[in-house]
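If you read the sequences in order, they're chains A and B. First residue of the first sequence? That's 70 in the working numbering, and the numbers climb one at a time after it. First residue of the second sequence? That's 5 in the working numbering, and the numbers climb one at a time after it. Every residue gets a Cβ at the ideal spot worked out from N, C-alpha and C, and that includes glycine. In this text, all values refer to a predicted model and were calculated from it rather than measured experimentally. Step one of this worksheet: look at the structure below.
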Amino acid sequence: MKRKSFITTLALFATLPFVSCSKSESKGKLTIALLLKSKGNQYFVTCEKGARIAAAQINAELKVDGPINSDPAKQNEIVENWITDGVDVIVAACENKDSISTALRKARAAGIKVVTYDADAQPDARSFFVNQATAQGIGEQLIDTAATLTGSEGEFAIITGTLTSANLNEWIKHIKARHAAKYPNMKLVDIKPCDDQKDKAQQETTNLLSTYPDLKVIVSVTSPGVPGAAEAVKQAGKTGKVKVVGLGLPSENNAYVKEGVTQGVILWNVENLGYLAIMAGAAVAKGDLVAGATEFDGGKLGTMEVTGDQIILGKPVVFTRENIDQFKF
Amino acid sequence: MSRFSRELTVAGALGLLLLILAVFAPNFYHLQPFISRLTSQMPALVAAVGIALVIISRQIDISIGAQLSMCAIIASVAAGSGLPLGAVILTSMGAGVLMGALNGVLVAWVGLPSIVVTLATMVAWQETLRLWQQGRMLALPEGIQWFGLSQAAGQTAVISVSLTIVIAAAWAMKNLALGRFIYAVGSDAEAARLAGIDPRRTTFGVFVLMGVLAGLAAVLNLVQSPQVQPNCGDGLELKAIAAAVVGGVAINGGRGTLWGVLLGLLLLANVNPALTHFHLPPYWEKAIQGLVILLAVLADGLGRRKRPR
């Protein structure tokens, strides 16, 4: 008994310097932990880049971790470790909404602030969600880009994932609404599902091109559809004559954009997403961003609007021949 | 009932569809889209030849889509590491052989039902790809698309190779011992065994052949664009099985020709382009294909009932 308490005391003394050290450090410097969905993924590598810029700017210590492959269980483990370490803020992209929420709630109970970005947790497991894009923002950016390329006239067709996909249908709804309101001289001739397969998008586009010889632009709301449509346009020898725009990753479309087959690839600015997530996390920790706030200081992004418990990153970016090489994800 | 009644019926239906398209949607016959469309169906045709042999031998393989995806991704990685085209093609077919052999061993020697075995391997390969590639698209190096030839030459090569496979398989099924073994084992494995055929070896051989053809189909798929998606084989099993069934391959084995499979595939493959050219909504595609399959199965059932026992 005596021996045991001696060891305990010894152990306590042994940890004391570390405890006091980390305490004093956290007093001056905020420790922010950034959770990625997957470490090797270029998309999250780019998020991390933005996060580092933000952390340097506000002089915070940044810890970054994530599973090697998208693995929800591993994400929980990382959050548990951060709770033990006693970080100030966790900024998380959630692989599995339900499984991570338990761990995040536990973190909040331990006094750690939690903000999500890219993929949300359950609302009661975090204070704010930094949302990369709204359905309206995506839909409108797609049709606006298509309109700019065609002088707001002529036939266009849409390639979607599946006809039952709720988020894609939501984007198409906004495309149609914007089309009806702003572009009366454009005509939507067809909407084709590609089952999120590039090869099927290629086949559907081949059929669209032969059915509608006057087709001016193909708009893909699903990422495999963009290179699929581009390959079909290229094989049909209609490069430049039929434009291709769509939501997708710059890396998957780089070659087609350079060749002039695809004119616009649309996605939110991933680096800025990482940046804003850290700014939001820091603002929550400092008490600058509390429930009910309508705006907060997003650093280099300016004053950001807060809607309910969400912060919207803003309008998506259009990757074109001029800027696509700067984006590696 | 004549021996080729099913083939004739499907040929008639296909002819009718092509005729209606010629009258109402002549754009369908513009050379480039026509050739591109045909080329894009060739991987499924090669896979359908394989699945026809599997079904004739009274087995099933629903892992072929996942096999094709695996072969395509393995081949892309091989190509990315700098292997020349020939080696890439062999790598793809080699991967197919291994996956086919695994199915073959489990079905023929362990004696497990092929639907369960291939369901398991299908899931295994799909999950392997998911973990390995995370849905990433792979870019192929130069010189792989169209085998490094021009688009027209590449398309001609894809179509010629595929039709050669159909012709060779049709000939082999009629004239080679293995072909006759497949029919015999599929009709009655016990009778085949008593006649001196080893049904296990035949079954194993059929699964390996299926793997080789899945590997070849993967190559024919990946040469058609400069990138490969890890889900490129998804849904192939249904397409190939449907083509075989519509083409007159009896689902309970022993009967069917590869000409029927070719016609069945072309009929089903043209439903979707026809809908687009007739300005009909894509919702109908699966419904019409389903109806065609149902008619084929019904015709099988009725045909069997009429046949004297």
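Counting along the chain, the unbroken beta strand (DSSP E) around Ile-260(A) starts and ends at 255–262. Glu-300(A) counts as buried, since at least 16 other C-beta atoms from the protein chains shown sit within 10 angstroms of its C-beta. When beta bridges are read from the DSSP output, Lys-132(A) appears opposite Ala-102(A).
In the DSSP assignment, no residue is bridged to Thr-95(B). Chain B places a beta carbon closer than 8 angstroms to that of Asn-110(A), counting this residue as a contact. With a minimum length of 3 residues, the unbroken runs of beta strand (DSSP E) contained wholly in the stretch 272–347 of chain A fall at 284–289, 312–316 and 333–336.
Of all residues in the stretch 118–147 of chain B, the ones placed with a Cβ closer than 7 angstroms to any Cβ belonging to chain A are Leu-135, Gln-138 and Met-141, in chain order. In this model, Ala-305(A) and Val-92(B) are separated by some 27 angstroms (Cα to Cα). Within chain B, no C-beta atom comes nearer than 9 angstroms to that of Ser-234(A); the closest sits roughly 13 angstroms away. For the C-beta of Leu-277(A), the chain B residues within less than 8 angstroms are, from N- to C-terminus, Thr-280. Comparing alpha carbon positions, the residue from Met-126(B), Tyr-187(B), Ala-112(B) and Ala-181(B) closest to Ala-56(B) is Tyr-187(B).
Closest by C-alpha distance to Val-290(A), out of Lys-132(A), Cys-263(A) and Val-311(A), is Cys-263(A). Two segments are said to touch when three or more pairs of C-beta atoms, one from each, lie closer than 8 angstroms; by this definition the stretch 161–178 of chain B touches the stretch 251–269 of chain B. Listed along the chain, the chain B residues whose CB falls inside 8 angstroms of the CB of Gly-306(A) are Gln-36. The three-state secondary structure of Lys-182(A), taken from DSSP, is strand. Leaving aside the five residues that flank Asp-259(A) on each side, the residues in its chain whose CB is nearer than 8 angstroms to its CB run, in chain order, Ala-226, Ile-227, Leu-277, Thr-280 and Tyr-281. When CB distances to chain A are screened at a threshold of 8 angstroms, the residues of the stretch 219–239 of chain B falling below it are Asn-225, Gln-228, Ser-229, Pro-230, Gln-231, Gln-233, Asn-235, Cys-236, Asp-238 and Gly-239, in chain order. The DSSP-derived three-state label of Ala-270(A) is helix. Judged by beta-carbon spacing, Gly-215(B) lies beyond the 8 angstroms limit of Gly-69(B), meaning their Cβ atoms are not closer than that value. Within the same chain, Cβ atoms closer than 8 angstroms to the Cβ of Ile-169(A) are found at Pro-141, Gln-144, Asn-145, Val-148, Ala-161, Cys-163, Ala-190 and Ala-194, the five residues on either side in sequence being excluded.
For Lys-98(A), there are no neighbours in chain B by C-beta distance under 7 angstroms, as the nearest C-beta there is about 34 angstroms away. Residues of the same chain with a CB within less than 7 angstroms of the CB of Gly-367(A), apart from the 5 flanking positions on each side, are Leu-345, Met-348 and Met-373 in chain order. No Cβ of chain A is located within less than 8 angstroms of the beta carbon of Ser-166(B).
The beta-carbon distance between Val-50(B) and Leu-220(B), rounded to whole angstroms, is 6 angstroms. This is short enough to meet the 8 angstroms contact definition. Contact annotation: Phe-388(A) and Val-326(A) have beta-carbon atoms nearer than 8 angstroms. As the crow flies, the alpha-carbon of Phe-365(A) is around 27 angstroms from that of Ala-172(A).
Annotation: the continuous beta strand (DSSP E) that includes Gln-379(A) extends over 379–381. Scanning its chain for C-beta atoms nearer than 6 angstroms, with the 5 sequence neighbours on each side dropped, one finds around Met-126(B) the residues Ile-66, Ser-67 and Ala-70, in chain order. Pairing Gln-228(B) with Ala-143(B) gives a Cβ-Cβ distance that is not under 8 angstroms. Rounded to the nearest whole angstrom, the CA to CA distance from Leu-224(B) to Met-74(B) is 14 angstroms. For Ile-227(A), the enclosing beta strand (DSSP E) stretches over residues 223–229. Using a CB distance cut-off of 8 angstroms, Asp-394(A) does not count as an interface residue toward chain B. Judged by DSSP in its simplified three-state form, Gln-231(B) adopts strand. When the Cα atoms are used, Met-46(B) and Trp-151(A) turn out to be separated by approximately 53 angstroms. Closer than 8 angstroms to the CB of Lys-267(A) there is at least one CB belonging to chain B. Taking the C-beta atoms as reference points, Val-189(B) is found no nearer than 8 angstroms to Ala-105(B).
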